[in-house]
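S.K.: The structure is given below, and queries will be raised subsequently.
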Amino acid sequence: MSLGFVRYLASVVVFAATISVASAGSSTQPQGTISDTAAADASCQFTDGLAFVEQSQLSKKSTHGEDLFLLTDDDFEEATSSAPTWVFSLYVDGCGACKAFHPHLKEVAKRFRGDSNVQFALIDQTASVTGIRNALATPKHFPTKVKIGDRLYDYTESRDADSLERFIKEEHKQEGMFRTLEKDWNLIPDMFKGEFSQVENFSAKGFRQNVKNGNRRWLVYFFAPSCSHCQQATISVEKAAKARKQRVTFGRVDCSLKRAAEICTEEGVTSMPTIRVYEGGAHTKTYDGSHTHDALVNFVETTATA
1 MSLGFVRYLA
11 SVVVFAATIS
21 VASAGSSTQP
31 QGTISDTAAA
41 DASCQFTDGL
51 AFVEQSQLSK
61 KSTHGEDLFL
71 LTDDDFEEAT
81 SSAPTWVFSL
91 YVDGCGACKA
101 FHPHLKEVAK
111 RFRGDSNVQF
121 ALIDQTASVT
131 GIRNALATPK
141 HFPTKVKIGD
151 RLYDYTESRD
161 ADSLERFIKE
171 EHKQEGMFRT
181 LEKDWNLIPD
191 MFKGEFSQVE
201 NFSAKGFRQN
211 VKNGNRRWLV
221 YFFAPSCSHC
231 QQATISVEKA
241 AKARKQRVTF
251 GRVDCSLKRA
261 AEICTEEGVT
271 SMPTIRVYEG
281 GAHTKTYDGS
291 HTHDALVNFV
301 ETTATA
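For the sequence shown, counting from 1, position 60 maps to 60 in UniProt numbering; every step adds exactly one.
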């Protein structure tokens, strides 16, 4: 498999239904993996969560003989720090529908067993996985999605092994398109050299100190790198910040970062991007218009003179 394929698949997110992990298993089972027997006996509720993102090998031991791995907030950030592509399956215990889908998911994982660049992991949503949800730009309940580069689409294909495998292979054929999108996205920092300082990057502590406990009028942009519309919104926010810096102060919160994720949860941010106005520490407006530059600047103009 080519490096381009790995990089392309690393950018594709598909949210689909998935399975739970039974706690029972062989004592010889490698930590962080789930045996075929345990998986077959598991039952869980679909929450439409299947995602392709760029990953490193898990810190937990794994073997080529195992198809499914376990991830939590504790190891997710480390796991996502480098190269191979992973398929994430988010689940919660409690429904029989998972058993119907489980054989298909397991079959796709087996078909990719010989390819070390494509691996499959399970994420228990009943555990503490707020950081993972934020990193994947997903609220607690979300529809099936497809992510291509930084673009997110509804995924409407069948939830069976052949359809999922076909999706992976068909997206591979679009590698050239991804290279173009990636190149364009990488140019954005150069387009705004010297301007990013006008939008303050908030940690949870910084947000509380400056926005919640301050007196300024803030426009705060909540986003995640995996969000579908964040490319356009990022450009528009940066331009608007340059135009209206004097009367509205701009900040942004990357909900995929551990140091900021708790703020996204506290503020009830469940979709990306979210753009809000805060005055005197209180959330007063939410922008629900187009993410184009002109539309956002018009909103800022209105807000600044209100």
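All C-beta atoms, glycine included, are put in the ideal place defined by N, C-alpha and C.
Just so it is clear, the structure is predicted and the values come from calculations on it, not from any experiment.
For Lys258, tell me which candidate among Leu122, Ser89 and Val129 has the shortest Cα-Cα distance.
M.R.: Val129
S.K.: Quick one: Cα of Phe76 to Cα of Gly251, how far?
M.R.: 26 Å
S.K.: For the ligand MN, is there a heavy atom less than 7 Å away from the beta-carbon of Met272?
M.R.: As far as ligands go, the structure on display features none, and thus does not contain the ligand MN.
S.K.: Please report the Cβ distance between Val253 and Val220, rounded to the nearest whole angstrom; I am assuming they are in contact, meaning their Cβ atoms lie under 8 Å.
M.R.: 6 Å
S.K.: Would Leu105 pass as a contact of Leu70 if the rule is Cβ separation under 8 Å?
M.R.: Contact check for Leu105 against Leu70 fails: the beta carbons are separated by 8 Å or more.
S.K.: Give me, in chain order, the residues of the same chain whose beta-carbon lies closer than 6 Å to that of Lys285; leave out the 5 immediate sequence neighbours on both sides.
M.R.: The answer, listed in chain order, is Val277.
S.K.: Using the Cβ count rule (16 or more neighbours within 10 Å means buried), how would you classify Thr292?
M.R.: Exposed, by the Cβ-count rule.
S.K.: Where do the N-terminal and C-terminal ends of the alpha helix (DSSP H) with Lys285 fall, by residue?
M.R.: Counting along the chain, Lys285 sits inside no alpha helix (DSSP H); it lies in the beta strand (DSSP E) bounded by residues Ala282 to Tyr287.
S.K.: How is the alpha helix (DSSP H) around Arg276 delimited, first residue to last?
M.R.: Looking at the DSSP string, Arg276 is not in any alpha helix (DSSP H); the run it does join, the beta strand (DSSP E), is Thr274 to Glu279.
S.K.: Out of curiosity, what's the CA-to-CA distance linking Ser89 and Lys242?
M.R.: 41 Å
S.K.: Find the nearest neighbour of Ala127 within the set Leu68, Glu78 and Thr72, judged by alpha-carbon distance.
M.R.: Thr72
S.K.: From what residue to what residue does the alpha helix (DSSP H) around Thr265 run?
M.R.: Counting along the chain, the alpha helix (DSSP H) containing Thr265 begins and ends at Lys258 to Glu266.
S.K.: When the distance is taken between beta carbons, is Val297 closer than 8 Å to Lys212?
M.R.: no
S.K.: In the DSSP assignment, the beta strand (DSSP E) including Phe69 goes from what residue to what residue?
M.R.: Leu68 to Leu71
S.K.: Could you round the C-beta distance between Ala204 and Ala260 to whole angstroms and report it? I think they count as a contact, below 8 Å.
M.R.: 6 Å
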